[in-house]
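Shown next, in structure tokens, is the structure this report addresses.
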Amino acid sequence: MQQVSFVVFGLLTLIFAVGLHRGLRPSRRGIAGPALFGVSGLALLFAAAIPLRQDAAGEVYDPGGHIVAGSAFFAASAVGLLVLSRRIASDPAWSGLALDAGGRAHLRPGVRRDAFGGHSGGGATA
Numbered sequence: 095m096q097q098v099s100f101v102v103f104g105l106l107t108l109i110f111a112v113g114l115h116r117g118l119r120p121s122r123r124g125i126a127g128p129a130l131f132g133v134s135g136l137a138l139l140f141a142a143a144i145p146l147r148q149d150a151a152g153e154v155y156d157p158g159g160h161i162v163a164g165s166a167f168f169a170a171s172a173v174g175l176l177v178l179s180r181r182i183a184s185d186p187a188w189s190g191l192a193l194d195a196g197g198r199a200h201l202r203p204g205v206r207r208d209a210f211g212g213h214s215g216g217g218a219t220a
């Protein structure tokens, strides 16, 4: 079942990468973020193709490649988010998205506001 999840997530990540590239304003290095998400999706497919195994004693081991694929997935995803954030910030149609989403969460009553320096209880603000 885990392999099916990896395949579905990998394919959706590849589609996401293509959609991001097409949906954002073109830039000089604009392919980098979506390309990293493409690498991330391919790494998930590779991890699905080489699952972890269990020996006769019940110990789980990597037959070769699964941990490499997992490391590539996490690294490409993290760096892809950082690179993509610069492209989104430079696109006028998307630049206000983070501020808009964060602002709405911050202003919403009943939301925990510890990270914003506010109260942590529910209900009305003090």
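If you're matching positions, the sequence shown starts at 95 in my numbering and goes up one per residue.
Just so it is clear, CB atoms sit at the ideal spot from N, CA and C, and this is done for glycine as well.
Q: Quick one: grab the DSSP three-state call for R119.
A: Looking at R119 - three-state DSSP - the assignment turns out to be coil, as it is neither helix nor strand.
(Q) Assuming contact is defined by CB atoms lying nearer than 8 Å, are F130 and F103 in contact in what I supplied? (A) The question names Phe, but residue 130 is Leu in the sequence shown. No. Outside cutoff.
Q. Taking all protein chains shown into account, do 16 or more other C-beta atoms lie within 10 angstroms of the C-beta of L178, making it buried, or fewer, making it exposed?
A. buried
Q | Beta-carbon proximity list for L191, same chain, < 8 Å, skipping 5 on both sides | A | I182
(Q) Spatial neighbours of T185 within its chain, please: C-beta separation below 7 Å, excluding the five flanking residues on both sides. (A) Note on identity: in this sequence residue 185 is Asp, with Thr being the wrong assignment. Result list for D185: L118, R119, in chain order.
Q) Tell me which same chain residues have a C-beta within less than 6 Å of the C-beta of V133, skipping the five on either side of it? A) Once the five neighbours on either side are set aside, the close Cβ partners of V133 are A170.
Q | First through last residue of the alpha helix (DSSP H) which encompasses I161 | A | That run of the alpha helix (DSSP H) goes 160-184.
Q: Mark F168 as exposed unless 16 or more other C-beta atoms lie within 10 angstroms of its C-beta, in which case mark it buried.
A: Under this definition F168 is an exposed residue.
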